[in-house]
Every structure is written in C-alpha cells, then in structure tokens.
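**Student:**
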Amino acid sequence: RAARALLSLGRPPGGGGGGGVWLLVSTARDRPGTKYQLKENIEQLFTKFVEEGKATIRLKEPAVDVCLSKANASLLKTFLSALKLANSGTHEETLPLSALVPPKASEVEKPKTRMTITSRKDYPLTRNFPHSLEYLQASYCKLARIDMRMLGLKNLRKLDLSHNCIKKLPATIGDLVCLQELNLHDNRLEAFSAQLCGSTLRKSLQSLDLSQNRIKALPAQFCQLQELTHLRLDDNQLIRLPFKIGRLRQLRVLSAARNQLPFLPDDFTKLCLENLDLFGNPFETPKPLVPDIQLKIPLTLLECSARAIVDFRIPYGRHVLPSHLCNDLDMCKTCQCGQACLSSFIQITVTMNLHSVAHTVVLVDNMGGTEAPILRYFCSLTCYSQFLDRAR
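Each number in the numbering used here comes from the position in the sequence shown (counting from 1) with 11 added on.
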C-alpha cells in the first residue's frame with residue numbers, strides 16, 4: 012500500500028548484516044523500517060518515468076518491488092546512481108552512507124497542511140507554525156497584530172484571522188505569494204493600505220473578507236486586486252466604494268451592507284456580479300435636475316492635456332510625470348459621451364436598477380427596493396443638456 016517513506020543507504024550499526032550497503036525503507040507506521048541488502052541483489056531498476064519522480068527497484072531476495080513516486084526528479088536520479096554502485100559493490104567509499112537508524116517522526120509523517128486554532132489557550136507561543144501549512148485559522152485568539160511567523164508560510168493559500176483585535180495589516184503580508192483567501196472579519200482595522208494593493212496579492216488574492224471592521228474608505232489602488240471574485244465589506248463605516256471598482260472584472264460576489272454609502276461610483280455599471288448586497292446604506296435621493304457644476308471655462312491647460320492623454324491613450328508613468336498627476340489621471344472621470352474629464356465637469360446622481368449588474372440582489376431597504384443612486388459625469392453643458400433632453 013502506498014505510504015510516505017524515507018529511503019536511506021548505509022551499513023547496520025556494529026558492522027553486522029554481512030557487510031555491504033543496505034537499503035532502509037521507513038514509514039510513519041514503521042519507523043524502524045525494513046532493511047534490504049543491496050550487493051548483487053538488485054534484479055532491475057525501472058527508470059522510464061524518472062523525470063516525473065517515479066521509479067521501481069526490483070530486488071532478488073526477498074522478491075519485492077519498491078515503487079517510488081512523487082519524488083524530486085534530481086534527487087531520485089542521484090539516489091538511483093548510488094543504488095547501482097551499491098549493487099556492484101564498487102566505489103562504496105564514495106557513497107554518502109547513513110547509520111541506518113530510525114528517522115525522526117517529522118521526516119516520515121505527511122507534512123501538515125491545515126491548522127485550526129479557535130482559542131487563545133491553544134495558540135502556539137513557544138513553537139513555530141509548520142512551514143508546510145496551506146490553511147491556517149487563528150480565530151478568537153485576541154491577536155492585536157498579525158504574528159510575523161505567519162508571514163513566513165510561503166505555501167499558505169487561506170488565512171483566517173477573523174474575530175481578533177487586529178488594527179493594522181503589515182505590508183509584508185503581501186509576500187505570501189500563494190495567498191488566495193484572506194478573512195479578517197470582526198477585527199479593528201481602520202484601513203487597507205495602498206501598498207498591499209500593489210503587492211503580489213494583486214495576482215493571487217481571490218477572496219477578501221473585511222466585514223465588521225472600522226474602515227471608512229478603500230484606496231484607489233484597491234482595484235489592482237484584479238483576481239478578486241468575492242469581496243465582503245459589510246458592517247464598516249464606508250462612505251464610498253473604490254472609484255474605479257469596475258476594473259475588478261473577475262468580481263462575482265460583492266457585499267457592502269450596513270455602511271454609510273450615499274451613492275455608488277459611476278464605474279459600478281461595469282461590474283458583472285452573481286450576488287450583490289447593499290442593504291442598510293443611507294442612499295441619497297437621486298437629483299438629476301440639481302447638478303453639481305464644476306466646469307472651468309475656458310478649460311485650463313492642465314485639463315486639456317489630461318483629457319488628451321486619457322482620450323488618445325498616451326502612455327504615462329511616474330518616470331515621466333509627477334506622482335500626483337499620475338494619481339489624478341488614474342482617477343479621471345468619464346463623460347457619457349466617452350470624453351475624459353479631470354477637474355472640470357458636471358456631476359449628478361441618477362437612479363440605477365441593481366439587477367443591471369447582478370443576477371441576485373438583496374433588497375437595499377425594508378421597502379423592497381432594488382434601486383440605488385449612482386454618480387454620472389458630463390464634460391460640458393452640451394452633454395448635460397443632451398442627457399436632460401433624453402430624460403424627458
């Protein structure tokens with residue numbers, strides 16, 4: 012039966028066993044293992060699939076096959092070469108031999124990939140987390156910060172730190188290159204840093220739970236997390252959603268219930284969701300006939316240049332422009348005609364049926380509504396007038 016095993020070559024302690032090199036096969040159930048003499052005792056080595064980490068050692072006495080799989084291909088080749096020398100009995104002095112003593116339990120046991128801690132008394136204070144962990148839950152442990160030992164778990168795919176007292180996330184959490192799910196529900200977070208959004212998390216993170224914290228706003232860079240499919244922001248103090256939220260093209264589940272959202276960003280219409288929950292937000296009554304006019308006539312040179320850069324898709328970056336101008340360009344608004352506008356625009360709120368972006372919508376209020384106000388921008392009085400004509 013298949014089992015995780017450790018194979019070693021050596022001579023029995025005390026020089027017994029008839030001399031020559033022996034093979035020791037140890038498993039978690041049988042750590043003392045089974046010894047096989049090798050000198051002129053290998054009938055055949057099957058190495059056709061050695062590049063896949065597979066091989067079979069066929070012995071003469073006893074007549075057994077030792078089948079190997081899931082081995083490191085490079086190490087397996089070296090081991091098979093040593094077996095050939097041990098079988099021929101030549102150059103034995105060049106072989107890296109062991110004393111053939113039983114291995115440690117950690118060497119033969121299957122690496123631990125899951126750990127669940129749900130109380131402070133069970134939290135490991137004096138021992139490290141297993142480096143092989145792929146799933147780690149440490150809830151109800153009263154953690155005030157993320158344990159730096161967790162940030163060394165390079166295989167970690169899911170990290171659940173819900174129900175703690177964490178106030179700030181370290182930038183180094185972005186070094187968890189395999190992290191796909193991050194659960195920070197019910198903590199004391201006040202922000203999610205822009206630095207994290209630009210880390211390796213933008214290529215790996217698929218599910219993020221920030222619900223029941225104290226977050227008032229997410230950075231514009233949040234939309235760099237373009238692999239996100241599930242985002243939970245319920246029970247925070249959010250006064251706005253990310254301006255370019257429409258860039259989260261993989262997002263399928265969005266929940267931002269019980270926040271302080273007065274309206275939705277214009278980019279919200281670009282989402283394609285399966286489930287949406289915006290219940291319990293103090294949405295304003297849309298006022299399409301009460302515009303916020305911030306037009307500058309004539310347009311400033313900065314406004315004209317910015318519109319040209321965005322409209323003609325001219326490449327820009329911090330090596331060409333000051334960082335504050337790059338940030339402004341990243342946050343450029345878009346008129347209904349497709350024209351970009353930086354700081355000269357007309358802003359209104361209009362009604363949007365949430366079913367236009369989501370298959371399943373939780374009612375936004377106790378009255379059974381599925382509509383919410385959304386921002387609209389116009390680059391000129393002409394575009395705004397055309398909107399009013401269509402609305403009549």
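Note that CB positions come from ideal geometry on N, CA and C, so glycine has one too.
Just verifying my parser: in three-state terms, what is the DSSP assignment at THR38?
**Tutor:** Three-state result, THR38: strand.
**Student:** Going straight from the alpha carbon of LYS165 to that of SER210, what length do you get?
**Tutor:** Their backbone Cα atoms lie some 15 Å apart in a straight line.
**Student:** Please determine if the stretch 285-296 and the stretch 389-399 are in contact, where contact requires at least 3 C-beta pairs separated by less than 8 Å.
**Tutor:** No, they do not touch.
**Student:** Check whether the stretch 299-307 and the stretch 354-371 touch, using three or more Cβ-Cβ pairs below 8 Å as the test.
**Tutor:** Yes, since at least three Cβ pairs between the stretch 299-307 and the stretch 354-371 fall closer than 8 Å, the two stretches touch.
**Student:** One question on the structure: do LEU94 and ILE68 come within less than 8 Å of each other, judged by their Cβ atoms?
**Tutor:** Going by C-beta atoms, LEU94 is nearer than 8 Å to ILE68.
**Student:** Taking the Cβ atom as the reference point for each residue, do PHE274 and ILE385 lie within a distance shorter than 8 Å?
**Tutor:** Against a cut-off of 8 Å, the Cβ pair of ILE385 and PHE274 comes out as a contact.
**Student:** Can you give me the Cβ contacts of LEU207 inside the same chain, cut-off strictly under 7 Å, excluding the 5 residues immediately before and after it?
**Tutor:** Answer for LEU207: LEU180, ALA182, ILE184, GLY185, listed in chain order.
**Student:** How about GLY44 and ALA110: do their beta carbons lie closer than 8 Å?
**Tutor:** Contact flag unset, no.
**Student:** Give me, in chain order, the residues of the same chain whose beta-carbon lies closer than 6 Å to that of ALA39; leave out the 5 immediate sequence neighbours on both sides.
**Tutor:** Within the same chain, ALA39 has close Cβ partners VAL119, GLU120.
**Student:** I think LEU34 touches LEU49, with their Cβ atoms under 8 Å apart; what is that distance to the nearest whole Å?
**Tutor:** The pair is a contact, with the Cβ atoms about 6 Å apart (cut-off 8 Å).
**Student:** Flag this pair as touching only if the stretch 143-158 and the stretch 123-134 have three or more C-beta atom pairs under 8 Å; answer yes or no.
**Tutor:** Flag = yes, the stretch 143-158 and the stretch 123-134 touch.
**Student:** Return the chain-ordered list of same chain residues with a C-beta closer than 8 Å to the C-beta of SER117, the five sequence neighbours on each side being excluded.
**Tutor:** No residues qualify anywhere along the chain.
**Student:** Assuming contact is defined by CB atoms lying nearer than 8 Å, are CYS343 and VAL368 in contact in what I supplied?
**Tutor:** The answer is no: Cβ separation not under 8 Å.
**Student:** Exposed or buried, which one is GLU314 when buried takes at least 16 other CB atoms within 10 Å?
**Tutor:** Under this definition GLU314 is a buried residue.
**Student:** Using the Cβ count rule (16 or more neighbours within 10 Å means buried), how would you classify ALA84?
**Tutor:** With fewer than 16 Cβ atoms within 10 Å of its Cβ, ALA84 is classed as exposed.
**Student:** Can you tell me the Cα-Cα spacing of LEU336 and LYS178, whole angstroms?
**Tutor:** Going by the C-alpha atoms only, they are around 31 Å apart.
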